[in-house]
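Trainee: Residue numbers (the numbering used here): 1 to 227. What follows is a single structure, and I will ask about it in a moment.
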Ligand SMILES: [Zn+2]
Ligand SMILES: [Zn+2]
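What follows is the structure in structure tokens.
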């Protein structure tokens, strides 16, 4: 889309609400949709997700809503579990150095739209702009099985060196369970009995703070989802 078309689209979107919010939310949603089908094995994407330790809660919920989510998120979470287990075993800190990739896509869209608008007037722009890229807040709280959410790991390991070892083992165990999900998605092994799909949502909750008991949906009445 060239800048003229972008400006036209901004004006058109402004009839339905804040055009900057609508366009940036839309680009994050499209990114998440593409992610489940095309980007999940992309090395650049994989590296980005390692730096952010996955998606923020809101975009994890969007990702879980995709048809291909069980396999895509198993692949991503298995990779992240490997990273976390290795870092813990090596005594390295567990933190996110980059924002959630979908938040980043939304921020880039907003920035470009603001450049296109320049000094012109577009109706309905809400007072939130320009926004900072939201910092990736790692989830905290109770353990899921033996594994603590990633936001708890640094503190737990700092208080008790044995905990780093136990958590590394817990994340390795999760990784193996996720590999079993990935294997089950391979047509050659489809007929083998398998019922451990719940591990996908358990792992996602450790990285993104979603509900560990079920596949998260946007309708979950949690105030954080509306933030
Ligand atoms: Zn807005
Ligand atoms: Zn996000």
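For each residue, glycine too, the CB sits at the ideal point set by N, CA and C. It should be emphasised that the depicted structure is a prediction, and the values quoted were computed from it without experimental measurement.
Nearest to residue 124 by alpha carbon, out of 89, 62, 10?
Mentor: What you label residue 124 is simply residue 124 of the chain shown in a count that begins at 1. Comparing Cα positions, the closest option is 10.
Trainee: Out of 33, 159, 101, 171, which has the shortest C-alpha to C-alpha gap to residue 137?
Mentor: In the chain shown, the residue the question calls residue 137 occupies position 137. Among 33, 159, 101, 171, the Cα nearest to that of residue 137 is on 101.
Trainee: Provide the residue(s) that pair with residue 144 in DSSP beta bridges, ordered along the chain.
Mentor: Taking the chain shown and counting its residues from 1, one reaches residue 144 at position 144. Answer is 147.
Trainee: Three or more beta-carbon pairs under 8 Å between the region 13-21 and the region 119-135, yes or no?
Mentor: Output reads yes: the region 119-135 touches the region 13-21.
Trainee: In terms of alpha-carbon separation, which member of 36, 61, 96, 72 lies closest to residue 52?
Mentor: Here the question's residue 52 lines up with position 52 in the chain shown. When only C-alpha atoms are compared, the closest one is 96.
Trainee: Ligand 1 heavy atoms versus the CB of residue 185: any closer than 7 Å?
Mentor: The count along the chain shown starts at 1 and reaches residue 185 at position 185. No - ligand 1 has no heavy atom lying nearer than 7 Å to the Cβ of residue 185.
Trainee: Identify whether residue 224 lies in helix, strand or coil by the three-state DSSP scheme.
Mentor: Here residue 224 refers to the residue found at position 224 of the chain shown. Since pLDDT at residue 224 reaches only 46, below the 50 mark, its modelled position is unreliable, and no value is offered.
Trainee: Starting from the N-terminal end, write out each residue whose C-beta falls within a distance shorter than 5 Å of any non-hydrogen atom of ligand 1.
Mentor: Going along the chain, the residues that qualify are 18, 20, 21, 126, 128.
Trainee: Look at the alpha carbon of residue 209 and the alpha carbon of residue 149, and state the distance between them as a whole number of angstroms.
Mentor: As a position in the chain shown, residue 209 is number 209, starting the count at 1. As a position in the chain shown, residue 149 is number 149, starting the count at 1. Those two C-alpha atoms are separated by around 8 Å.
Trainee: When the distance is taken between beta carbons, is residue 80 closer than 8 Å to residue 54?
Mentor: Here residue 54 refers to the residue found at position 54 of the chain shown. Here residue 80 refers to the residue found at position 80 of the chain shown. Yes, they are a contact pair.
Trainee: Which whole runs of the alpha helix (DSSP H) in the region 36-83 are 4 residues long or more, in chain order?
Mentor: Those alpha helix (DSSP H) runs which fall completely within the region 36-83 and span 4+ residues are 43-52, 57-64.
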